[in-house]
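This report concerns only the one structure given below.
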């Protein structure tokens with residue numbers, strides 16, 4: 692991120708804008724959260740606060756993230772967060788793949804599963820995490 696302004700009013704305006712963008716966009720949410728955190732740290736420095744985790748007066752309330760309108764799975768069924776995809780081929784079944792429910796790489800008919808089931812499934816050697824949406828990272832499951 693480029694240099695931030697040193698004064699609190701402009702930093703607050705930037706912070707409000709970034710929070711609105713985070714709420715509207717899941718795709719760039721991680722990048723915007725990093726920018727938001729940098730703005731908060733700069734705001735703390737500009738206002739003379741030393742602790743980055745200290746409560747800020749007049750801080751805007753966090754709004755819940757708005758699900759993206761382009762995610763087709765959210766409109767058709769209740770979101771569980773994760774899905775399992777099974778592939779059958781002429782040579783036999785391939786390993787099942789776990790996806791986040793809004794992954795664009797899902798093929799066929801996915802089966803919704805909960806967080807706990809996804810964690811358990813990812814410990815099975817016959818089940819793989821999607822390399823695109825990385826549900827193992829989201830769930831904190833490490834190899």
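Residue numbers (this note's numbering): 692 to 834. From the three backbone atoms N, C-alpha and C, an ideal C-beta is built for every residue, glycine too.
{"Query": "Among 822, 775 and 697, the one whose alpha carbon lies nearest that of residue 806", "Result": "775"}
{"Query": "Short Cβ contact (8 Å threshold) for residue 819 with residue 786", "Result": "yes"}
{"Query": "Short Cβ contact (8 Å threshold) for residue 706 with residue 731", "Result": "yes"}
{"Query": "Proximity below 8 Å, CB of residue 697 to CB of residue 737", "Result": "yes"}
{"Query": "Nearest neighbour of residue 827, chosen from 791, 817, 804 and 796 [CA to CA]", "Result": "791"}
{"Query": "Where residue 800 sits in the DSSP three-state scheme", "Result": "coil"}
{"Query": "C-alpha distance - residue 812 paired with residue 740, whole-angstrom precision", "Result": "45 Å"}
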